[in-house]
Amino acid sequence: MITDVEGVEVGHWTDPVARTGCTVVLFPPGTVASGEVRGGAPATREFALLEPERLVDRIDAVVLSGGSAFGLAAADGVMRWLEARGRGFPTGGGPVPIVVGLSLFDLLVGDPSVRPGPEEGYAACEQARSGTIEVGAVGAGTGATMGTWRGRDHARPGGLVTATVREGEVVVSALIAVNAFGEADDGMLSTRLDHRFADVGEGSFGNTVIGVVATNAALDKHACSVVAGGAQDGIARAVFPPHTLVDGDAVVVAATGAVAASTELIRTLAVLAVERAIRTLA
Numbered sequence: 001m002i003t004d005v006e007g008v009e010v011g012h013w014t015d016p017v018a019r020t021g022c023t024v025v026l027f028p029p030g031t032v033a034s035g036e037v038r039g040g041a042p043a044t045r046e047f048a049l050l051e052p053e054r055l056v057d058r059i060d061a062v063v064l065s066g067g068s069a070f071g072l073a074a075a076d077g078v079m080r081w082l083e084a085r086g087r088g089f090p091t092g093g094g095p096v097p098i099v100v101g102l103s104l105f106d107l108l109v110g111d112p113s114v115r116p117g118p119e120e121g122y123a124a125c126e127q128a129r130s131g132t133i134e135v136g137a138v139g140a141g142t143g144a145t146m147g148t149w150r151g152r153d154h155a156r157p158g159g160l161v162t163a164t165v166r167e168g169e170v171v172v173s174a175l176i177a178v179n180a181f182g183e184a185d186d187g188m189l190s191t192r193l194d195h196r197f198a199d200v201g202e203g204s205f206g207n208t209v210i211g212v213v214a215t216n217a218a219l220d221k222h223a224c225s226v227v228a229g230g231a232q233d234g235i236a237r238a239v240f241p242p243h244t245l246v247d248g249d250a251v252v253v254a255a256t257g258a259v260a261a262s263t264e265l266i267r268t269l270a271v272l273a274v275e276r277a278i279r280t281l282a
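For the sequence shown, position 60 matches number 60 in the numbering used here, and the numbering has no gaps at all.
Right under this line is the structure:
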C-alpha cells in the first residue's frame, strides 16, 4: 500500500453506477515532488510546477480522477479542503495548496455525464486515511479498462493497483490507475499475442496510466524527477505497448524526507514498485 510511507493518506470517491471516481493522495508537510509525462495525450493540472527548475518544490496532494479533462475539477475541492486546514505554500495572501491533478478517460464505459468535480474531490479528502486502503474498481480506477490496442472487444478491466518495495529503512510505494491502451504484461505476453493491431481510432482517447510513487527518502526536486523516469520505466516493463500517442501516461514522485538514501536506489525501487503494481492485473 502507498500508505506504507508514513504520513501518506489516501481517500476515494466512487460512483459504481456511472463507473467513475477520483482518488486523493495527501502528503505530510514538507513533501518534495516532481514528475514526468511520456504518453501523447495527457490530462493534467499544475504539472508544469513539478519541473525541477520551477520555484515551488513541495506538494500537498495529488488527485487521480476519471472523467477525462472534466475530472481535473476535482482538484478544486481538494484545494478548498486543504485551505480550510491552513495547508499550502505560504504567500502574502495566505497559504496556497499545491495540488497536482491527473485524469484518465473513462467516458465510454459508464455515464459520460457524471464526472468527478469539486464536491467529489472534497469528499475523497474527508474519507482519506492511512493504513490499508481499497484498490481495484474504486476511485480513479472505477471505470478503467486496458487492452483496447487490439480492439475494444478485447478490453479487460483495469483499475487502481498498488505495491511497495523496501530496502532496509527505505520504503518506495506506487499507486497506479491502469487504463491503458495496451495491457498488463507478465513478461510472457509477446508469446501469446496474435499481433492484431486495431486501428488506433477504434480504441483511442479511452486510455492512460496515471499514478503516484511515494517514498520516505530525503530527495530534492531534481532527484524526484530522476525517480519519475524510473517509474515510467516501470510502466514500460509492465504494459505493452506503453506510452502510445493515445495514452496520457503521467507519474508524480513524492519524497517525505525521513530517511537518507541515494537517488539511484530510489529510482531502481520505483521501477520495481510500479512494475509489480501493474502486473497484479496480468
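Where a beta carbon is used, it is the ideal one built from N, C-alpha and C, also for glycine.
Rounded to whole angstroms, how far is the Cβ of residue i from the Cβ of residue j, which I believe are closer than 8 Å?
| i | j | result |
| --- | --- | --- |
| V138 | H12 | 5 Å |
| A177 | P42 | With a Cβ gap of about 13 Å, A177 and P42 do not count as contacting. |
| V25 | V8 | 7 Å |
| P16 | T142 | 7 Å |
Would you kindly check if the distance between the Cβ of residue j and the Cβ of residue i is under 7 Å?
| i | j | result |
| --- | --- | --- |
| S173 | A214 | yes |
| T244 | F181 | yes |
| S65 | P116 | yes |
| D247 | G39 | yes |
| D57 | V37 | no |
| L102 | T145 | no |
| P241 | I235 | no |
| T3 | S130 | yes |
Apart from the five residues just before and just after residue i, which ones in its own chain have a Cβ nearer than 7 Å to its Cβ?
| i | result |
| --- | --- |
| V226 | T263 and R267 |
| A18 | G110, D111 and V114 |
| V161 | V135, I176, V178, A277, I278, T280 and L281 |
| A217 | V170, A255, V259, A261 and I266 |
| D233 | V271 |
Thinking C-alpha only, which one of the options is nearest residue i?
| i | options | result |
| --- | --- | --- |
| Y122 | W81, G101 and G110 | W81 |
| F89 | S34, E126 and I59 | I59 |
| G229 | F240, G257, L269 and T208 | L269 |
| G35 | C224, A238 and P242 | C224 |
| E120 | A231, T20 and A238 | T20 |
| G151 | I133, E183 and A140 | E183 |
| G86 | A74, P28 and R54 | P28 |
| P97 | D233, I210, G30 and Q232 | G30 |
To the nearest angstrom, report how far apart residue i and residue j are at their CA atoms.
| i | j | result |
| --- | --- | --- |
| G110 | G168 | 44 Å |
| V274 | G94 | 36 Å |
| G136 | V253 | 21 Å |
| I78 | A255 | Per the sequence presented here, residue 78 reads as Val, with Ile not at that position. Looking at the two C-alpha atoms, the distance is approximately 20 Å. |
| K221 | C22 | 26 Å |
| G203 | T91 | Residue placement at G203 is poorly supported in this model, since its pLDDT is 48, which falls under 50; the coordinates are not used for a value here. |
| H154 | A84 | 45 Å |
| V271 | F70 | 30 Å |
| V5 | V165 | 11 Å |
| G257 | D76 | 27 Å |
| G158 | E51 | 29 Å |
| M1 | F105 | 24 Å |
| A48 | L55 | 11 Å |
| V10 | I210 | 15 Å |
| P118 | C125 | 11 Å |
| A140 | A74 | 11 Å |
| I133 | R156 | 23 Å |
| A231 | E53 | 20 Å |
| W149 | G187 | 18 Å |
Excluding the five sequence neighbours on either side, which residues of its own chain have a C-beta within less than 6 Å of the C-beta of residue i, listed in chain order?
| i | result |
| --- | --- |
| L72 | R45, G101 and S103 |
| V62 | V25, V100, V212 and V252 |
| L189 | F240 |
| R237 | E275 |
| G147 | H154, A155, R156 and E183 |
| A163 | A174, A273, R276 and A277 |
For chain D, check one thing: does any of its Cβ atoms lie closer than 7 Å to the Cβ of residue i?
| i | result |
| --- | --- |
| N207 | Going by chain labels, chain D is absent from the structure shown, which holds only one protein chain. |
Excluding the 5 residues preceding and the 5 following residue i in the sequence, name in chain order all residues of the same chain whose CB lies nearer than 8 Å to its CB.
| i | result |
| --- | --- |
| Q127 | G11, H12 and W13 |
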